[in-house]
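Residue numbers for the sequence shown, in UniProt numbering: 1 to 262. Just so you know, even glycine gets a beta-carbon here, dropped at the ideal spot from N, CA and C. Given the structure is predicted, the values throughout are model-derived calculations rather than measurements.
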Amino acid sequence: MTDIKDLLGKAIGDEPPIGIDRDEVFRAGRQRVRRRKALAAGGVVAAVVVAAVGAATLTNFVSLDSEPTPPAVGDSQHAPPGPDLPLPSTPVSQKPPPLGPRLTSQHAEQLTDRLFHSWYVSSTEVVPWHGDATPGFRVEDGTYRYQSDLTSPNAEGVLQMTVDFVAPGTKASCGDILGPYDSCAVVPKDGVAVAQATWKSPAGERRNLAVTVLPDGTRVTAMTSNFSRRFSDAGKVPSGGEPVLDMEKLTTVMVKSGFSVF
């Protein structure tokens, strides 16, 4: 043992003595002890907070960034819910059709009675089409519809009419005419506008067509011709004469017969 001490003494004998500041050593040691205690206490507090409010809430509180953290790669993001499907097909700006009165067979009989008491159509001059027991208005496809042959001393042809409802104040126009026509004009008749059109086929059939809207919103559409269904079924050809009701008589029946959907 003495030999070892002597050897060590000779090895470091020429080196300057090591300067050790005991106060500095003690101060550094005390700082390390305080840090260990603080870390231990912090771990306990964190565990208590996590247990109380949950890890997710604690994470939000700890984050002090003003900008939200972007999702990690692989995280899924969901868009806000869209509108229910199917989407409405009707544009918002489009107005719904006006609601008219309920159509009944009793009212159809009233319209028939008014037609047969008009100036130029009577029950003795009408001939039912094949399959119809008696001519008269019937409820079909949301309208009151009439069809029959009409005879007069000088002509025989078809008479067709419809009565339905549109918005009051609507003005009849040539665009309301159903079927082909050669010419059309809108004329006044007893305070209402009447669209009047004429048509002639290459075979010689002639038609008068008219549409009017009465003040209460009742729309009356009519067509008369010079070629009856009876003649057509018999294989005959049009005579080439004028329709069984001329335009003035047809318009008078439409406007002055008291037709109404109410």
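Which residue marks the beginning of the alpha helix (DSSP H) containing Asp233, and which one marks its end?
Arg229 to Asp233
Do the CB positions of Cys174 and Val192 come within less than 8 angstroms of each other?
no
Validate contact between the segment 121-141 and the segment 200-215 using beta carbons, cut 8 angstroms, 3 pairs
no
Is it buried or exposed, Asp216, if we count other Cβ atoms within 10 angstroms and call 16 or more buried?
exposed
Which residues does DSSP pair with Ser164 in a beta bridge?
Here the sequence assigns Asp to residue 164, which means Ser is not the residue at that position. Looking at the DSSP assignment, Asp164 forms a beta bridge with Arg219.
Cβ of Arg114 within 8 angstroms of Cβ of Asp164?
no
Tell me the DSSP secondary structure of Glu156 in three-state form.
strand
Trp129 beta carbon less than 8 angstroms from that of Val253
no
Please confirm whether any heavy atom of the ligand ATP lies closer than 7 angstroms to the CB of Thr104.
As far as ligands go, the structure on display features none, and thus does not contain the ligand ATP.
What is the residue span of the alpha helix (DSSP H) that Val213 lies within?
Val213 -> not in any alpha helix (DSSP H); beta strand (DSSP E) instead, spanning Arg206 to Val213.
Just reading off the beta strand (DSSP E) that Ser148 is part of, what are its end residues?
Thr143 to Thr151
Which whole-angstrom value describes the C-beta separation of Thr251 and Gln196, a residue pair presumed to lie in contact below a C-beta threshold of 8 angstroms?
7 angstroms
Val127 in three-state terms, based on DSSP:
strand
Please report the distance separating the alpha-carbon of Arg102 from that of Gly142.
9 angstroms
Return yes when the Cβ of Val166 is within less than 8 angstroms of the Cβ of Ser228, no when it is not.
no
Per DSSP, what kind of secondary structure is Glu140 in: helix, strand or coil?
strand
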